[in-house]
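Numbering (numbering that gives the first Met the number 0), first residue to last: 0 to 413.
Reviewing the structure listed below.
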Amino acid sequence: MNAIEFENISKQYRLGLVSTRSLRHDLNRLWVTKVLGREDPYLKIGERNDRTVKGGSDYVWALKDVTFNVKQGEVVGIIGRNGAGKSTLLKILSRVTGPTTGVVRANGRIGSLLEVGTGFHPEMTGRENIFLNGAILGMTKSEISLRLDEIIDFSGCERYIDTPVKRYSTGMLVRLGFAVAAHLDTDILVVDEVLAVGDSEFQKKAIGRIRNVSSGGRRTVLFVSHNMASVRRLCTRGIVLDEGCIDYDGDVETAIERYSGGNAVNMKSLSFDDLANAPGNDFVKIRKLEIRPAAGNKITVDSGFDVELVFQNYRKNEALDVLFRFFTREDLLIFEQSKVLSPDKNSQIGEYKVVLHVPSNFLNNGTYIMKLFFRESAKYIVFGPYSIGFEIDNGNKHGIIGSEFEVESSFSEG
Numbered sequence: 000m001n002a003i004e005f006e007n008i009s010k011q012y013r014l015g016l017v018s019t020r021s022l023r024h025d026l027n028r029l030w031v032t033k034v035l036g037r038e039d040p041y042l043k044i045g046e047r048n049d050r051t052v053k054g055g056s057d058y059v060w061a062l063k064d065v066t067f068n069v070k071q072g073e074v075v076g077i078i079g080r081n082g083a084g085k086s087t088l089l090k091i092l093s094r095v096t097g098p099t100t101g102v103v104r105a106n107g108r109i110g111s112l113l114e115v116g117t118g119f120h121p122e123m124t125g126r127e128n129i130f131l132n133g134a135i136l137g138m139t140k141s142e143i144s145l146r147l148d149e150i151i152d153f154s155g156c157e158r159y160i161d162t163p164v165k166r167y168s169t170g171m172l173v174r175l176g177f178a179v180a181a182h183l184d185t186d187i188l189v190v191d192e193v194l195a196v197g198d199s200e201f202q203k204k205a206i207g208r209i210r211n212v213s214s215g216g217r218r219t220v221l222f223v224s225h226n227m228a229s230v231r232r233l234c235t236r237g238i239v240l241d242e243g244c245i246d247y248d249g250d251v252e253t254a255i256e257r258y259s260g261g262n263a264v265n266m267k268s269l270s271f272d273d274l275a276n277a278p279g280n281d282f283v284k285i286r287k288l289e290i291r292p293a294a295g296n297k298i299t300v301d302s303g304f305d306v307e308l309v310f311q312n313y314r315k316n317e318a319l320d321v322l323f324r325f326f327t328r329e330d331l332l333i334f335e336q337s338k339v340l341s342p343d344k345n346s347q348i349g350e351y352k353v354v355l356h357v358p359s360n361f362l363n364n365g366t367y368i369m370k371l372f373f374r375e376s377a378k379y380i381v382f383g384p385y386s387i388g389f390e391i392d393n394g395n396k397h398g399i400i401g402s403e404f405e406v407e408s409s410f411s412e413g
């Protein structure tokens, strides 16, 4: 039995404006679609939602012809980069917004945790907000009262439960919000990247709770996260979204590998003579990105490697820096290194060249993905991530990260 059915779901947005700029156009659109029953002409001019390029249309498709079913009791991880359409998909399912085209069917009561503190009133206490949030989710007062002590205990906020939530930290709001959604009697639980705010102890409790409520086919879960370790531990199926379309639907391990190396190029020198086709945006454009061995013909544990980046900067008087992050194939962050290019907040318009030297005997042999970010004032990402994959070879040799250690043990009976 299907708990959720998405049938050709599309969602279009107009950039910058809510209407079509003039009353005449709005009335004409209403007349064509509602009175004459014809196809909306504005649906023919939208572009895919690639946030890294300017584009030629004011209309974008946050989702485009998304079709899939979720069986009752399945725990499905929905992954993809920022702007891929994950949150839009969950908002459509939760009836926060409606699809532009298509139909979504849900069999059962839906409990949603889409944003931190969704439905909480800042002037009300934690206890009062439990009842308010439960009512929003469609539960009766008696149902909430029956689970109240369990919700408070799970949240870990008992000491502050009669304090207005405006004095709660972000982590406390997440704890309380998730505790309500996880303990109320819903058939479908929708969780959108909120566990990342909680501490490690709470994340373990939350994942354990989701496993418990979904065991035996009791509850269907849609789980959105950028934490691949959580997706791997929790989900049995993975869906990868890219620019509003389904890129992969199937085995969770394959989905994670597809996402982690989605735009990674394995051991190739990326070079773009024509900046119009180069990756980037109005801030920066990548002219060259290469990972090469520091010595020899291939990267080995004892050779080390260099990362060469050449890019065009289009902004002036900004504190610009470049961030390199290195991940395993499982999306586990190994290390990162940044380079501030304009410490005096006076970056120049023109071409920059950055070379990162990674020493020998540092990384273990294996496959890695480097994600490149451009930041402003070391905080605001203006472009990224852009990924490139590479392999380190050298048989049984080991670097500092990934070294094998000798461990002695002994046993005596009694």
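From the three backbone atoms N, C-alpha and C, an ideal C-beta is built for every residue, glycine too.
Since the model is a prediction, treat every value here as computed from it, not as a measurement.
With distances taken between CB atoms, is the gap from residue i to residue j smaller than 8 Å?
i: THR96; j: LYS90; result: yes
i: LEU112; j: ASP241; result: no
i: VAL283; j: TYR247; result: no
i: GLY388; j: ILE368; result: yes
i: ILE129; j: VAL179; result: yes
i: LYS338; j: VAL357; result: no
i: LYS315; j: SER346; result: yes
i: ASP161; j: ARG104; result: no
i: GLU122; j: LYS85; result: no
i: VAL65; j: ILE151; result: no
i: LEU355; j: ASP301; result: no
i: ALA277; j: ASN106; result: no
i: ALA181; j: ARG210; result: no
i: PHE422; j: GLY170; result: Absent from the structure is residue 422, since the part of the chain shown begins at 0 and ends at 413.
For residue i and residue j, what's the separation of their Cα atoms in angstroms?
i: CYS156; j: ALA254; result: 36 Å
i: TYR12; j: VAL34; result: 22 Å
i: MET266; j: GLU289; result: In this predicted model, MET266 has a pLDDT of only 45, less than 50, meaning its place in the structure is not dependable; the value taken from the coordinates is given anyway. For MET266 and GLU289, the distance between alpha carbons rounds to 8 Å.
i: GLY243; j: GLY76; result: 16 Å
i: ASN364; j: ARG236; result: 29 Å
i: ILE348; j: ARG374; result: 15 Å
i: SER270; j: ILE298; result: 20 Å
i: VAL381; j: GLU307; result: 20 Å
i: TRP60; j: ALA83; result: 10 Å
i: SER213; j: ILE206; result: 11 Å
i: THR366; j: GLN311; result: 29 Å
i: GLN202; j: ALA275; result: 43 Å
i: ASP273; j: ARG108; result: 52 Å
i: GLY45; j: TYR58; result: A caution first: GLY45 carries a pLDDT of 49, below 50, which makes its placement in the model too unreliable to give a value.
i: TYR351; j: GLY101; result: 46 Å
i: ILE245; j: ARG158; result: 44 Å
i: LEU362; j: ARG291; result: 15 Å
i: ARG50; j: LYS204; result: Note that ARG50 scores a pLDDT of 47, beneath 50, so its modelled location is shaky and nothing firm can be said.
i: ILE400; j: ILE333; result: 8 Å
i: ILE227; j: ARG80; result: Sequence check: residue 227 is Met here, not Ile. C-alpha separation (whole angstroms): 12 Å.
i: GLU4; j: GLU256; result: 26 Å
i: GLY398; j: GLY303; result: 10 Å
i: VAL230; j: ASP250; result: 12 Å
i: THR87; j: ASN27; result: 27 Å
i: SER144; j: PHE153; result: 15 Å
i: VAL239; j: PHE325; result: 21 Å
i: ASP184; j: LEU136; result: 9 Å
So what does DSSP say about residue i, is it helix, strand or coil?
i: ASN1; result: strand
i: SER137; result: Rather than Ser, the amino acid found at residue 137 in this sequence is Gly. The answer is coil: DSSP assigns GLY137 none of H, G, I, E or B.
i: GLY413; result: With a pLDDT of 46 at GLY413, under the threshold of 50, the modelled position of that residue is not reliable, and the figure given next carries that caveat. Looking at GLY413 - three-state DSSP - the assignment turns out to be coil, as it is neither helix nor strand.
i: LYS378; result: coil
i: GLN311; result: strand
i: LYS165; result: helix
i: ARG236; result: strand
i: LEU147; result: helix
i: THR299; result: strand
i: VAL95; result: coil
i: ASN7; result: strand
i: THR32; result: helix
i: ILE399; result: coil
i: ARG13; result: strand
i: ILE44; result: Caution is warranted here: a pLDDT of 49 is assigned to ILE44, below 50, making its placement in the model unreliable, and no coordinate value can be reported.
For the alpha helix (DSSP H) that contains residue i, what are its first and last residues?
i: GLY170; result: 169 to 182
i: VAL354; result: No alpha helix (DSSP H) contains VAL354, which is instead part of the beta strand (DSSP E) from 349 to 357.
i: ARG232; result: 227 to 233
May I ask which residues mark the beginning and end of the beta strand (DSSP E) holding residue i?
i: ARG104; result: 100 to 105
i: THR87; result: It is not in any beta strand (DSSP E) - THR87 instead sits in the alpha helix (DSSP H) that spans 85 to 92.
i: PRO121; result: Looking at the DSSP string, PRO121 is not in any beta strand (DSSP E), and its letter there is neither H nor E.
i: THR66; result: 58 to 70
i: ARG286; result: 283 to 292
i: THR219; result: 219 to 223
i: GLU485; result: What the structure shows of the chain is the stretch from 0 to 413, and residue 485 is not part of that stretch, so it cannot be assessed.
i: GLY155; result: Unbroken run through GLY155: none, as it is neither H nor E.
Does residue i get closer than 8 Å to chain B when you measure Cβ to Cβ?
i: LEU172; result: In the displayed structure, chain B is absent; only one protein chain is listed.
Could you check if residue i belongs to the surroundings of the ligand FAD, using beta carbon to heavy atom distance under 7 Å?
i: ASP148; result: The ligand FAD is absent from the structure shown, which contains no ligand whatsoever.
Does the segment 220 to 228 come into contact with the segment 60 to 79, if we say contact requires no fewer than three beta-carbon pairs (one atom in each stretch) closer than 8 Å? Yes: the two stretches touch, three or more of their Cβ pairs being nearer than 8 Å.
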